[in-house]
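Going by our numbering, the sequence shown opens with residue 1031, and the numbers climb by one from there. Comments concern the structure below.
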Amino acid sequence: LTGYVVATLIASVGYISSAIRRLNVLDSDVLMSTRLECLLYAFHLSAFPFSDVLTTICLFWLTMEHVMAAWFPDMYAKLTSATLKLLASISTMLALAITMLSWVYMLQSKDLHVSARCTLHECTAPWIYTVVYIVPLFFVIMTMIVHVATAVFVKIVQRQNATLYAELLHHIRRVSYIITTLFMTFTTERLIQLLHVPDAYREVVATMLWTLSGLNLSIQSMLYIYAYPNLRSEAAKVFKSCSCKLKW
């Protein structure tokens, strides 16, 4: 879940950047910007694809961890923190690689003018935008399928061994809030993008999608706090540990 939290924080900063950019466009007479200017000054162009990919991949690994705990307990017992860190590193590198593809394309066409709002679909190549569209959608669908299958399996097995699987089922239920909400918002957002929208309503739909994604972040944060009420105490321990290490 650490990778998920980091990705959500990056997405939050991205939405702040996007909102500031939109307000600046409304308050000024500047209607166009070059892709290079967007790359340098619009952080959301990097934050959105990176956070979408990293969020969905991290939740997928979390559901696979539940699978191992439920179906392969012996293998799960051998799972080390080093393995989890390796998976987190691979996920981060994949998200960064997809984001860097967008950077390279924007640098290659740096003098091309686009809307001053610097939207991702205007600044990057269509095939890169498709990758950013498909990869998170694939992982969020797979996450939902694996999560539901694991929850059903644990619920059935719990009747035979309530003590062994009670804690796992409790954890799965807590994560269900996050996975279900993310699945609904991701699929809704991408299904709307598949619709053939007339040019007259394209701007309205784009604003709706942007608002929906921002609302998703707020909902995710509230659900995370609800699912993990001891989040503040755990965070306090982390910061306290870090402050102790920094003392000379």
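Even for Gly, the Cβ is constructed at its ideal location relative to N, Cα and C.
query, result
"Secondary structure at residue 1264, three-state DSSP: helix, strand or coil?", "At residue 1264 the pLDDT is 46, less than 50, meaning the model places this residue with poor confidence; the figure from the coordinates comes in the next sentence. In this structure, residue 1264 counts as helix in the three-state DSSP scheme."
"Please identify the residue among 1113, 1119, 1048 whose C-alpha is closest to the C-alpha of residue 1070.", "1048"
"Of all the alpha helix (DSSP H) runs that stay within the bounds of the segment 1121-1202, which reach a length of 4 or more residues?", "1150-1153, 1156-1188"
"Span of the alpha helix (DSSP H) holding residue 1081?", "1074-1101"
"Roughly how many angstroms separate the alpha carbons of residue 1142 and residue 1062, rounded to a whole number?", "10 Å"
"Our contact map puts residue 1065 next to residue 1147 with C-beta atoms below 8 Å; I'd like the distance itself, whole angstroms only.", "In fact, because the Cβ distance is near 13 Å, the residues do not count as touching under 8 Å."
"In this structure, how does DSSP classify residue 1058 when only helix, strand and coil are distinguished?", "coil"
"Below 8 Å between beta carbons: does that hold for residue 1169 and residue 1090?", "yes"
"Here's the rule: buried if 16 or more other CB atoms are within 10 angstroms of the residue's CB, otherwise exposed. What is residue 1087?", "buried"
"Quick test of the definition: if touching needs 3 or more C-beta pairs under 8 Å, does the segment 1199-1211 touch the segment 1121-1129?", "no"
"Is it the case that the segment 1076-1087 contacts the segment 1035-1043, given that we only count it when at least three CB pairs across the two stretches are under 8 Å?", "yes"
"When the Cα atoms are used, what is the spatial distance from residue 1133 to residue 1108?", "39 Å"
"Report yes or no: do three or more beta-carbon pairs, one from the segment 1100-1120 and one from the segment 1143-1162, lie closer than 8 Å?", "no"
"Tell me the rounded alpha-carbon separation between residue 1164 and residue 1074.", "19 Å"
"Can you look up residue 1064 in the DSSP assignment and give me helix, strand or coil?", "strand"
"Using three-state DSSP, classify residue 1217 as helix, strand or coil.", "helix"
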